[in-house]
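Just so you know, we're using the numbering used here here: the sequence shown kicks off at 2 and counts up by one. Idealized CB from N, CA, C, for every residue including glycine.
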Amino acid sequence: MSTNNLQKKLWWIIGILIGLNLLMPIGYFLLRPKPPKGGLHPPPSHFLEKELDFDKEQMQAYRELRNAHRKKIDGIHKALAQLKRRFFGKIKDGIPSDSLLSLISQQQQQMDRLTFEHFSNVRENSCTEAQRPDFDEVLEEVFRRPKGPRHGPPK
């Protein structure tokens, strides 16, 4: 085999290897599985629906309860966020506002009370007698899950 012919083959091999190296990342991004929408875990509402195997009528009743609950909670979330902005805005003054902290606590209590009532209504109005023990287990699992990313001071 001549040197010139060997050099041509080596250049072809190098070109093919470079081409494969360029195509691999493209293939990786195009062919990798898509992550589920909404993060790693489905929302708790889907977890309940799936685990309890609601029929269509139960699903409709549950979704109505969930939507009504969500509307109430959304209003409290907005008020709570506004109160917290005002509270933490006092950092520059160096004096925490006890009255704002009290209002924040009241909003949080209201939100927890509404959530308790919501799940109590779901248990009583959407679940059959046979589903209630499963509901209790599922509810424990839902509240055992971490909620969103943990935010804290940098390490």
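Compute the Euclidean distance between the alpha carbons of residue i and residue j, then round it to the nearest angstrom.
i, j, result
"Gln83", "Phe89", "10 angstroms"
"Phe144", "Leu21", "48 angstroms"
"Glu125", "Ile27", "52 angstroms"
"Gln107", "Ala80", "11 angstroms"
"Trp1", "Arg146", "Lying outside 2 to 156, the shown extent of the chain, residue 1 is not represented and no answer is given."
"His47", "Gly16", "51 angstroms"
"Arg33", "Ile19", "22 angstroms"
"Ile74", "Ile105", "14 angstroms"
"Lys93", "Gln109", "25 angstroms"
"Lys35", "Leu115", "35 angstroms"
Quick check on the burial criterion: 16 or more other C-beta atoms within 10 angstroms. Buried or exposed for residue i?
i, result
"Leu31", "exposed"
"Tyr29", "exposed"
"Leu49", "buried"
"Phe1", "Outside the shown range of the chain (2 to 156) lies residue 1, about which nothing can therefore be said."
"Phe55", "buried"
Considering only residues of the same chain and omitting the five flanking positions on each side of residue i, which have a CB-CB separation below 7 angstroms?
i, result
"Leu53", "Cys128, Gln132, Asp135, Phe136 and Val139"
"Met25", "none"
"Val123", "Tyr63 and Leu66"
"Gln111", "Ile77"
"Arg87", "Leu101"
Could you pull out every residue in the same chain whose Cβ sits closer than 6 angstroms to the Cβ of residue i, ignoring the five residues on either side in sequence?
i, result
"Leu7", "none"
If you measure from the beta carbon of residue i to each beta carbon in chain D, is any gap under 8 angstroms?
i, result
"Lys10", "The chain inventory of the structure shown lacks chain D, comprising one protein chain alone."
Using C-beta distances below 8 angstroms, list every residue in its chain close to residue i, excluding the 5 sequence neighbours before and after it, in chain order.
i, result
"Lys156", "In this predicted model, Lys156 has a pLDDT of only 48, less than 50, meaning its place in the structure is not dependable; the value taken from the coordinates is given anyway. Excluding sequence neighbours, Lys156 sits near nothing in its chain."
What are the complete alpha helix (DSSP H) segments, minimum 4 residues, inside the stretch 47–84? none
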